[in-house]
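Protein sequences appear in the order of chains A and B.
According to the working numbering, the first sequence is numbered sequentially starting from 1.
According to the working numbering, the second sequence is numbered sequentially starting from 1001.
We treat Cβ as the ideally placed atom computed from N, Cα and C, and that holds for glycine.
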Amino acid sequence: MSSRMSAIGVVVFLFPALALGPGPAAQAQEVKIGIVQPLSGIPVIVDFGESYLQGNKLAVKEYNARGGYKGKPVQLVIYDDEGNPKRAVEVFTRLLTQDKVNVVIGTTNSGNVLAVMHLNQQNKIPLMAGPSIATPITKKFADQPKNYVFRCSMVEEFQVNALLDWATKKTRSIGLLHSTTGYGLFAKGEILKGLEARKVPPVVVESSNPGITDFTPQLLKFKEKNIEIILTFAEEWDIQFKNLVKIGYNPIMAGNWGMSSGKLRDIVGDDLLKNAVMGQALDLNEPKARAWDEKMRKEYGNKYHWPVIASFGYDAANLVLKAIDMAGPNPDEIRDALERIDNFDAVTTGVPKKPYAKDDHECVDQKDVFLGIWEKGKVVRLKQ
Amino acid sequence: MSPESLLQILVGGVAVGSIYALIAQGFYITHRTTLTLNFGQGDFLMLGAFLGLTLVKAGVPILFTALIVVAVLAALGVLLERVAIRPVGHLTLSWVLTTMGFGVIIQNVATAFWGKSSQSFPSLVGGKVVDVIRVAGVGIVVEELFIIIASILIMGGYLFLLNRTLTGKALAAVAFSRDTAALLGVDVRRMAILVYAIAAILAAVSGILVGPITSLHPFMGVKFAIKGFAAGIMGGFMSPVGIWVGGILLGIIELFSNLISSQFGDLYPFLIIILVLIFRPSGLFRDPTSR
Chain A
1 MSSRMSAIGV
11 VVFLFPALAL
21 GPGPAAQAQE
31 VKIGIVQPLS
41 GIPVIVDFGE
51 SYLQGNKLAV
61 KEYNARGGYK
71 GKPVQLVIYD
81 DEGNPKRAVE
91 VFTRLLTQDK
101 VNVVIGTTNS
111 GNVLAVMHLN
121 QQNKIPLMAG
131 PSIATPITKK
141 FADQPKNYVF
151 RCSMVEEFQV
161 NALLDWATKK
171 TRSIGLLHST
181 TGYGLFAKGE
191 ILKGLEARKV
201 PPVVVESSNP
211 GITDFTPQLL
221 KFKEKNIEII
231 LTFAEEWDIQ
241 FKNLVKIGYN
251 PIMAGNWGMS
261 SGKLRDIVGD
271 DLLKNAVMGQ
281 ALDLNEPKAR
291 AWDEKMRKEY
301 GNKYHWPVIA
311 SFGYDAANLV
321 LKAIDMAGPN
331 PDEIRDALER
341 IDNFDAVTTG
351 VPKKPYAKDD
361 HECVDQKDVF
371 LGIWEKGKVV
381 RLKQ
Chain B
1001 MSPESLLQIL
1011 VGGVAVGSIY
1021 ALIAQGFYIT
1031 HRTTLTLNFG
1041 QGDFLMLGAF
1051 LGLTLVKAGV
1061 PILFTALIVV
1071 AVLAALGVLL
1081 ERVAIRPVGH
1091 LTLSWVLTTM
1101 GFGVIIQNVA
1111 TAFWGKSSQS
1121 FPSLVGGKVV
1131 DVIRVAGVGI
1141 VVEELFIIIA
1151 SILIMGGYLF
1161 LLNRTLTGKA
1171 LAAVAFSRDT
1181 AALLGVDVRR
1191 MAILVYAIAA
1201 ILAAVSGILV
1211 GPITSLHPFM
1221 GVKFAIKGFA
1231 AGIMGGFMSP
1241 VGIWVGGILL
1251 GIIELFSNLI
1261 SSQFGDLYPF
1271 LIIILVLIFR
1281 PSGLFRDPTS
1291 R
């Protein structure tokens, strides 16, 4: 069952080493970056993992093309956690104890990150979490002398706040549609808390089980209550949009950054996405983001379809590589260097020049997260 | 809720139920004749959808696409019977494993060819993403209408085949006793091949029709197969009409469950199936005394 088997690969970019030949470079210590992502399993989860990995790989490829770490290419050791927490524990343990990587990047499922990050903390090897978005990830070890968990990704709380600030100013007729997966229930909790704080209770709350084939009953309940904005945290957006056309209902569908996937646009088309609003941190109207987007298209062709996830992946790897340049291969010193990074040139619109501090291990803050809309095939900033 | 909305849900339930009925008819024909069934039937549906998508995207007209997909899937059904059913026979449960294994192979091949991501199947008519027919305020997607019609036509076709043709009588003879049928001159192996080809053709038709109303990915078949199997159990695996009613009932119950409590949308249909089986262990439409 090859698709479910672990995709275990060691990617070595040999070109710089060959170009430079032996010499002082050969004496440099080997640097290994462990990467864990779901590369098999539920399609939407795999899309997250593969897109983030695309960004990681391009950043490392460019770094190695520039000469690598002291003339030696940085190696990537990549494992598939299948979106499964048990499997994540296995592969993280292997990376930290057998492969002896200097730093780890990953993974998509927040539950998996929460299940493994104590391993990084215990082994004193930094973890660059992403594209997981559960709010508490970087806070769990914040009270310890050194917190080894960083993140370069969207943060659920930030995008929910951005959505709720905008939605509650626009209308009081708000509904919530969430899935009954771990993520959906987590999002539901954050949204209800946020709406309560803004004194705008949701008019309708509906849910959906994984694998649902028809949202008609749920959407009709929103329609009957004249809901103007549906906060949708159920992942089967394609079916929702198609069902909306069927029942002749045209609310604003506001959701997380998952709605910015090019795959969704391929499936439902621009017309149905006219009323979609989503949490976002990459504005493809900005020249730098656009140039990078072109570079990604050149590199990955039609396999590249989720710019914001890939841009976080690209920045995550570049942050790690910058820390390695600053501190060398020692994991503990890489951790310290991550907190010191300043003047970082990020691709992701929301990532600031100094992303981290001792008490802040998120590469974006609330102010850096905005809302996006689909415009001419690209996700750009919603003008408010 | 307004009567119009209730009617909309009812229509949706019939459409979803028709998908389950189509899958269940595939289970029914093979189980009736050979006492085995294809646990990879959902994966056959998925393959039919992906093949259809590839041909449609290549510019092949939809009718030719349907013919090609039906032919390929029928051949695959024959292959399934030859490599996963015949060698292990029906007397042990090995065929459960071999047909599931066949399905997993199809999943992996689909992943290799079409990737793991979701893909969209364009509408079978017109160029829109969704083509909706609206009658008295109730909308139905064109493909949903096609599925409902297909499920009725296939039920009728089954009734004709099984009750009015010599082949149908041969299938009934094999179902009653393989040895007796063989003594009477019925080619039992050919009948087994035939029913597996029919089941695969049903999966091909279902795949092409389901494609535009859902999103395609290599693991999409599993959910349909489970619900199709549940529809078959509810209908009793006794007659095409029972299977069809079982499917439609399951679809309607599923959608109205989401209306009552979407949090437990999947719970109520299976709860009702369990209740049905407690009071009618052979299903709604099966004579409890029958084999």
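Proximal chain B residues relative to residue i, where beta-carbon distance stays under 8 Å
i, result
"Leu220 of chain A", "Met1001, Ser1005, Gln1008, Ile1009, Leu1259"
"Glu224 of chain A", "Met1001, Ser1002, Ser1005"
Proximity test, Cβ basis, 8 Å: residue i and chain A
i, result
"Val1016 of chain B", "yes"
"Ser1117 of chain B", "yes"
"Gln1025 of chain B", "no"
"Gly1139 of chain B", "yes"
"Val1129 of chain B", "yes"
"His1217 of chain B", "yes"
"Ser1206 of chain B", "no"
"Lys1223 of chain B", "yes"
"Val1132 of chain B", "yes"
Alpha-carbon to alpha-carbon, residue j and residue i
i, j, result
"Gly106 of chain A", "Ala129 of chain A", "5 Å"
"Ile267 of chain A", "Ala1225 of chain B", "23 Å"
"Val91 of chain A", "Ala317 of chain A", "19 Å"
"Val160 of chain A", "Val277 of chain A", "12 Å"
"Met1191 of chain B", "Ala1024 of chain B", "19 Å"
"Thr348 of chain A", "Leu284 of chain A", "10 Å"
"Pro43 of chain A", "Lys263 of chain A", "11 Å"
"Thr168 of chain A", "Arg198 of chain A", "8 Å"
"Leu163 of chain A", "Leu371 of chain A", "7 Å"
"Phe1064 of chain B", "Phe1229 of chain B", "30 Å"
"Val1135 of chain B", "Glu1004 of chain B", "10 Å"
"Tyr1158 of chain B", "Thr1214 of chain B", "27 Å"
"Gly1283 of chain B", "Gly83 of chain A", "38 Å"
"Gly313 of chain A", "Gln37 of chain A", "11 Å"
"Leu1094 of chain B", "Tyr1028 of chain B", "The residue asked about is misnamed: residue 1094 of chain B is Ser in this sequence, not Leu. Looking at the two C-alpha atoms, the distance is approximately 19 Å."
"Lys124 of chain A", "Ser40 of chain A", "29 Å"
Listed by chain order, chain A residues near residue i by CB distance under 7 Å
i, result
"Thr1214 of chain B", "Thr213, Ile239"
"Val1276 of chain B", "Under the 7 Å cutoff, chain A gives no residues; its nearest Cβ is about 21 Å from Val1276 of chain B."
Contacting residues, own chain, Cβ-Cβ under 7 Å from residue i (five flanking each side not counted)
i, result
"Lys146 of chain A", "Arg335"
"Lys353 of chain A", "Asp342, Asn343, Phe344"
"Arg1178 of chain B", "Val1188"
"Tyr249 of chain A", "Leu219, Lys223"
Contact list for residue i against chain B, beta-carbon separation under 7 Å
i, result
"Asn209 of chain A", "Gly1265, Asp1266"
"Lys263 of chain A", "Ser1117, Ser1118"
"Thr216 of chain A", "Gln1008, Ile1009, Gly1012, Leu1255"
"Thr180 of chain A", "Gln1263"
Exposure of residue i, with buried meaning 16 or more beta-carbon neighbours within 10 Å
i, result
"Val1096 of chain B", "exposed"
"Val1314 of chain B", "No information on residue 1314 of chain B is available, as it lies outside the stretch 1001 to 1291 that chain B covers here."
"Asp1266 of chain B", "buried"
"Asp332 of chain A", "exposed"
"Lys1057 of chain B", "exposed"
"Phe1113 of chain B", "exposed"
"Ser1206 of chain B", "buried"
"Arg1164 of chain B", "exposed"
"Val1130 of chain B", "buried"
Test: residue i CB closer than 8 Å to a CB of chain B
i, result
"Leu272 of chain A", "yes"
"Lys246 of chain A", "yes"
"Ile267 of chain A", "yes"
"Ser311 of chain A", "no"
"Thr108 of chain A", "no"
"Lys242 of chain A", "yes"
"Asp47 of chain A", "yes"
"Val44 of chain A", "yes"
"Glu206 of chain A", "yes"
"Pro73 of chain A", "no"
Nonlocal neighbours in the same chain, by C-beta distance under 8 Å from residue i, ignoring five residues either side
i, result
"Ile247 of chain A", "Thr216, Leu219, Leu220, Lys223"
Chain A residues whose Cβ lies nearer than 9 Å to that of residue i
i, result
"Ser1239 of chain B", "Those within 9 Å of Ser1239 of chain B in chain A number zero; the least Cβ separation is about 26 Å."
Own chain partners of residue i with C-beta closer than 6 Å, once the 5 adjacent residues on each side are dropped
i, result
"Gly21 of chain A", "Per-residue confidence for Gly21 of chain A stands at a pLDDT of 40, beneath the threshold of 50, marking its modelled position as unreliable; no derived number is given."
"Leu176 of chain A", "Ile191, Pro202, Val205, Leu231"
"Val1078 of chain B", "Ile1193, Ala1197"
"Ser1262 of chain B", "none"
Amino acids of chain B, ordered along the chain, whose beta-carbon sits closer than 9 Å to that of residue i
i, result
"Ser40 of chain A", "Thr1111, Lys1116"
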